[in-house]
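Quick notes on the structure that follows.
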Amino acid sequence: MSERMYPGLTQEERTGFAPYSAFDIPADLRELHGRYDVEATALRVRNFRYAEEWMMMMMGGWIATIPEIPVKTGLGKVIWETAQAADELGKRLPELRCGRKSLEASEAPNTAFADFVQEVSNPETPDLTIEKLSGVFDVLIPHLVEIYEIHNRETDAICDAPTIAILEDMVRRKHQHIQWGQEVLDALCDDAETQKRRRDRADQLSGLLKESGGVTGVLETVQASLN
Amino acid sequence: MKRFIDHEELARDSRFIRQDAAQANVISSLPDDVETVVNVFEQFGPMIEAGVRGTSAEPLFEELGPGFMLTVLNEPLDPEAPAALSRLLLRMHGIFVGELQALEGAARSLWDFPDAPWEFKMNMARQCWDEARHLQIFEKLLVHLGGHVGMYPESTFLFEACCSEDPAMRVAGVNRGLEGLACDVFRDMIRFADKTGDEVMKQAVDFVLADEITHVRFGSEWVKEFTKGDPEHLKRTQDFRREVDKRFSFGGARSDREDAAIPIAREDRLEAGFTEDELQELSEISGIGPSKATLTEAAQILRDRYHETRDAQKEEAS
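Next comes the structure, spelled out in structure tokens:
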């Protein structure tokens with residue numbers, strides 16, 4: 001057994017340390033290669049950032065026109081965490097060969113998704129809190145969570161690990177946002193009429209979202225991902 | 228959703244009632260003349276009375292007449308003074324609605340200026356969370372002192388005065404004018420809590436003051452950025468900020484004057500990025516207005532006349 005601490009120039013001058021694969025301790029079953037290359041990943045990150053940035057801005061627009069104080073204060077926190085999400089996605093872009101000035105780059109996948117986002121932001125008057133919140137917490141955020149989780153399953157788990165880490169953190173927070181939004185909406189929709197308003201709004205926006213192909217413009221579902 | 232909203236479009240639940248902003252605006256432009264002050268407040272009397280009916284401010288109106296705000300605004304908070312708790316609650320409620328409007332102002336900046344730099348949006352988003360927490364803190368403090376949300380009318384003149392459609396003026400108004408005023412008021416509240424031994428209030432307001440210093444710093448930096456290379460724009464923005472500072476001085480109640488109810492928090496403002504020159508200017512702007520002696524005399528006349536009229540009406544009715 002060699003007692004060398006460092007390798008030398010000849011076959012006999014190896015160290016005595018046991019050999020391990022990079023995946024042996026702890027056991028790591030991840031494989032190379034994913035569904036998206038660098039360019040596709042960069043485009044998806046810009047798509048995600050577009051949704052996060054606009055969602056943050058529209059919630060900012062709504063705070064003044066929502067009469068329920070706990071909704072105003074709750075949205076304050078969601079806004080900050082959504083801005084942080086957009087910021088983290090922006091910081092990933094220069095790492096994906098988008099250039100140093102790409103930190104603020106957002107891109108809608110198509111005009112239909114941009115129109116969908118504008119439709120989510122449309123409710124304005126103080127009597128429309130249900131419509132405002134349903135668009136974000138029943139439709140848009142659950143959709144983003146679904147797509148982020150699909151991305152994390154299908155991207156190269158080793159090469160694209162930085163994106164995965166960002167999305168994992170975002171998903172964790174988005175689950176909290178959804179839970180908060182559901183509790184608020186459940187409290188606001190306490191009779192058949194308001195429950196119908198919530199369902200109608202969610203159905204209308206889900207239809208538009210589906211037509212647009214979602215945040216990446218390509219209809220991705222959990223089912224498709226399982227195939 | 229449209230860009231830019233009017234202060235009348237601020238949404239509130241059923242606990243709130245509005246106070247006409249004209250009163251606050253008038254206070255900031257009163258001359259140092261007893262007769263004029265009395266005349267103005269007598270003209271506003273019916274409007275002020277209508278605004279306080281059914282609220283916790285009604286007993287103050289009953290005791291002091293239409294000039295009750297002159298007394299409330301111009302006397303420092305003193306735990307030994309008559310109606311000390313009412314005045315403390317009135318100020319605490321004013322801070323609560325001020326935080327509410329600051330939240331709404333910062334949040335609207337995210338929607339009203341979609342093409343603003345990303346760092347600006349990040350600062351405004353952070354401010355949204357901070358102001359939302361402040362709202363929660365001051366609701367808790369209001370309850371801690373025995374009050375409740377909606378107990379006094381809300382004047383939306385803070386939002387009205389500082390929410391410009393120009394981003395440089397918006398941050399000058401909200402982040403330097405409104406948040407600067409918050410620094411002065413909170414330092415005064417910390418002094419009061421120290422005097423009364425209220426550790427809950429002292430610690431909470433101290434944390435809020437730390438946040439406000441950060442918000443003023445956002446304003447200082449973004450005014451520079453938005454007006455960079457455009458001296459005319461900078462001048463208009465500074466003029467706007469001066470006007471906001473004058474309105475937010477309530478005729479000298481917040482100033483460097485010896486008789487000020489709320490002194491300017493110089494150290495806090497310096498830490499937040501105000502320069503000595505700006506503080507000197509603020510000192511001059513905020514000191515303009517009727518002296519405390521003028522307001523005290525006017526308030527006394529208003530009180531006596533109100534009582535005379537009310538007694539005469541009662542006698543006639545009986």
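Here the protein sequences come in this chain order: A and B. Just so it is clear: in the first sequence, position 27 is 27 by the working numbering, and no numbers are missing. In the working numbering, each residue's number is its place in the second sequence (first place is 1) plus 227. Idealized CB from N, CA, C, for every residue including glycine.
By the Cβ neighbour-count rule, E131(A) is buried, with 16 or more other Cβ atoms within 10 Å of its own. In the structure shown, E381(B) adopts extended strand secondary structure according to DSSP, grouped into three states. Counted as a single uninterrupted DSSP element, the stretch harbouring A22(A) is not any alpha helix (DSSP H), since DSSP gives it neither H nor E. When Cβ-Cβ separations below 7 Å define contact, M5(A) makes no contact with chain B.
D186(A): member of the alpha helix (DSSP H) spanning 161-188, first to last residue. Checking the DSSP bridge columns, you'll see S482(B) partnered with P490(B). Interface annotation, G60(A): in contact with chain B, CB-CB separation under 7 Å. Only those residues of the segment 115-128 of chain A whose C-beta falls short of 7 Å from the nearest C-beta of chain B are listed: S121, N122, E124, P126. The alpha-carbon separation between R92(A) and F453(B) amounts to approximately 27 Å. Runs of alpha helix (DSSP H) with 4 or more residues, each lying fully within the segment 186-221 of chain A, are found at 192-212, listed in chain order. Beta-bridge pairing by DSSP links R242(B) to no other residue.
Look at S283(B) here: in three-state DSSP terms it is coil, with no helix or strand label. Flagged as an interface residue toward chain B: T65(A), by a C-beta distance shorter than 7 Å.
Counting only residues of its own chain and dropping the five nearest sequence neighbours on each side, S510(B) has a CB closer than 6 Å to the CB of D483. Positions of the alpha helix (DSSP H) runs, each at least 4 residues long and wholly inside the segment 315-380 of chain B, are given as 345-371 in order along the chain. Minimum Cα-Cα distance from L300(B) among the listed residues S255(B), V471(B), E505(B), P273(B) corresponds to S255(B).
If you draw a straight line from the Cα of K77(A) to the Cα of E168(A), it comes to about 19 Å. The alpha-carbon of V139(A) is positioned some 27 Å away from that of D357(B).
The segment 83-98 of chain A makes no contact with the segment 372-381 of chain B: fewer than 3 CB pairs, one atom from each, lie closer than 8 Å. The Cβ atoms of V401(B) and C410(B) do not sit closer than 7 Å to each other. Interface criterion met: the Cβ of T73(A) is under 7 Å from a Cβ in chain B. Between the C-alpha atoms of I515(B) and F477(B) there is a straight-line separation of about 10 Å. Counting only runs of 4+ residues, the alpha helix (DSSP H) found wholly inside the segment 25-100 of chain A occupies 38-63, 69-92, in chain order. Counting the other Cβ atoms within 10 Å of the Cβ of M274(B) gives fewer than 16, which makes it exposed. For the segment 451-481 of chain B, the set of positions with a beta-carbon nearer than 8 Å to some beta-carbon of chain A is empty. In summary, Y20(A) is exposed, with fewer than 16 beta-carbon neighbours lying within 10 Å of its beta-carbon over all protein chains present. Rounded to the nearest angstrom, the Cβ distance from P394(B) to F445(B) is 12 Å, too far for a contact under 8 Å. Within the segment 74-89 of chain A, the residues whose Cβ lies closer than 7 Å to any Cβ of chain B are, in chain order, G76, K77, I79, W80, A83, D87. Every alpha helix (DSSP H) of 4 residues or more that sits fully in the segment 385-462 of chain B is shown, in chain order, as 394-398, 406-423, 426-453. Annotated three-state conformation of E535(B) is helix, per DSSP. Here the alpha carbons of L144(A) and I25(A) stand approximately 34 Å from one another. Between the segment 498-507 of chain B and the segment 413-425 of chain B there are fewer than three C-beta pairs closer than 8 Å, too few to call the two in contact. Nearest Cα to Q84(A) within the set F288(B), C355(B), A329(B): C355(B).
Annotation: Cβ neighbours of L237(B) in chain A (cutoff 7 Å, chain order): A64. Fewer than three Cβ pairs drawn from the segment 47-56 of chain A and the segment 308-328 of chain B lie within less than 8 Å of each other, which leaves the two stretches out of contact. For the pair I150(A) and E39(A), the Cα-to-Cα distance works out to about 18 Å.
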